[in-house]
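Data first, discussion second: the structure below is written as structure tokens.
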Amino acid sequence: MNDLEYEELTDQLLLAVEESIERQELDLDYESNGGLLAITFADRSKIIINKQPPLQQVWVATKFNGHHFELRNGQWIDNRSGTEFWQLINDAASKQAGYPIALGTA
1 MNDLEYEELT
11 DQLLLAVEES
21 IERQELDLDY
31 ESNGGLLAIT
41 FADRSKIIIN
51 KQPPLQQVWV
61 ATKFNGHHFE
71 LRNGQWIDNR
81 SGTEFWQLIN
91 DAASKQAGYP
101 IALGTA
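So for the sequence shown, full-length UniProt numbering puts the first residue at 1; every next one is plus one.
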């Protein structure tokens, strides 16, 4: 993957998270700025998703831990646990919100 492809794919990923929050009318606030997306929960905890262009990764920091995702076979996969991006985001968001959240779904 070249740098332009990386930028396009990560922009699409961050936008998909934002659109999913909006579409589902979740009680979450979010702010996007320069390759960083911060999602704030009712308890003021956050999930931070940000691009890491030099490494061609996406990093996610949750209330519980941090994850580094790499593109493998068309999916963003945590390079330590092997967890897919949407699965991790939904698990972490559900824990932080205290109710089930399913981002990335229609």
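Backbone N, C-alpha and C define an ideal beta-carbon position, used for all residues, glycine too.
If we count the other Cβ atoms within 10 Å of its Cβ and call it buried at 16 or more, is K63 buried or exposed? exposed
Can you tell me whether DSSP reads F64 as helix, strand or coil? coil
Output the residue ranges of the beta strand (DSSP E) runs that lie fully inside the segment 12 to 47 and measure 3 residues or longer, sorted by chain position. 29 to 33 and 36 to 40
Rank T10, R80 and I77 by C-alpha distance to the C-alpha of P54 and give the top, closest one. T10
C-beta atoms of G35 and K51 nearer than 7 Å: yes
What is the DSSP secondary structure of N50, reduced to helix, strand or coil? strand
Between which residues of its own chain and L26 is the CB-CB distance below 7 Å, once the five residues before and five after are set aside? I101
In three-state terms, what does DSSP make of residue 159? No statement about residue 159 is possible, as the shown extent of the chain runs from 1 to 106 and does not include it.
Per DSSP, what kind of secondary structure is I89 in: helix, strand or coil? helix
Please determine whether the Cβ atom of L14 lies at a distance below 6 Å from any heavy atom of the ligand FMN. This structure lacks the ligand FMN, and indeed carries no ligand of any kind.
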